[in-house]
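Student:
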Amino acid sequence: MKHIFILLTVFLAFDNIQGQTKSDPLYYLNLKQIELKKVYINTVDSIDIQKKTQPYKVYLFTRNRQFTFYSLNDILNKFTEIGGLNDSLVFKINGELINDTSSIMIDNSYFIYVTVDKLKEVNYIPGQFKNLKIVNIDLEIKKRDPVLRIRGEYENMIIK
Numbered sequence: 062m063k064h065i066f067i068l069l070t071v072f073l074a075f076d077n078i079q080g081q082t083k084s085d086p087l088y089y090l091n092l093k094q095i096e097l098k099k100v101y102i103n104t105v106d107s108i109d110i111q112k113k114t115q116p117y118k119v120y121l122f123t124r125n126r127q128f129t130f131y132s133l134n135d136i137l138n139k140f141t142e143i144g145g146l147n148d149s150l151v152f153k154i155n156g157e158l159i160n161d162t163s164s165i166m167i168d169n170s171y172f173i174y175v176t177v178d179k180l181k182e183v184n185y186i187p188g189q190f191k192n193l194k195i196v197n198i199d200l201e202i203k204k205r206d207p208v209l210r211i212r213g214e215y216e217n218m219i220i221k
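Residues in the sequence shown are numbered consecutively from 62, following my numbering.
(1) Among the residues of its own chain, which have a CB less than 6 angstroms from the CB of glutamate 201, if the five just before and after it don't count?
(2) If you run the structure through DSSP and keep just helix, strand and coil, what is leucine 153?
(3) Should proline 187 go down as buried or exposed, given a rule of 16 or more other Cβ atoms within 10 Å for buried?
(4) So what does phenylalanine 122 bridge to, in DSSP terms?
(5) Within a Cβ cutoff of 7 angstroms, which residues of the same chain sit near glutamine 127, ignoring the five residues on either side of it in sequence?
(6) May I ask which residues mark the beginning and end of the alpha helix (DSSP H) holding lysine 179?
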């Protein structure tokens, strides 16, 4: 997904240099408007860029149009012992600090790994910050392991 975002950003930035548009594009996922920086999508099947509109409209389509998203609250409830969102949490997704936690949507087809770092034992942190917890969310694309299928005589076959 990050590669798609970079590709779209470079493409649209080049167009901005050409002087054709001055506003940020609108992004849609399966025809629903989204904030691209707050949506983590595992796979995109196709992209359609409408350059004749102001601002540009970028349509992202997935094969499964009804997939499920997790919110940060869902992630906390499913993968941690933290009861829910509160003021003592700092979020990082794939190593990137999240400044605005509202409306974050994570595709549930990712492998989701969550760790929570507590700062209460860090000596150089002032006392008022000891209750802070860093929630690290790492997303990995689910890949199928390749299947090796062999036909023929198994007794005489050597596989290296």
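Beta carbons: idealized from backbone N, C-alpha and C, even for Gly.
Tutor: Checking against the coordinates, here is how it stands:
(1) So the list reads Phe172, once near-sequence residues are dropped.
(2) For the sequence presented, residue 153 should be read as lysine rather than leucine. DSSP places lysine 153 in strand when its eight states are reduced to three.
(3) When all chains shown are included, proline 187 counts as exposed.
(4) For phenylalanine 122, which the question treats as bridged, DSSP gives the partners Ser107.
(5) Excluding residues within five positions, none has a Cβ falling inside 7 angstroms.
(6) Run containing lysine 179: none in the alpha helix (DSSP H); it sits in the beta strand (DSSP E), 171 to 179.
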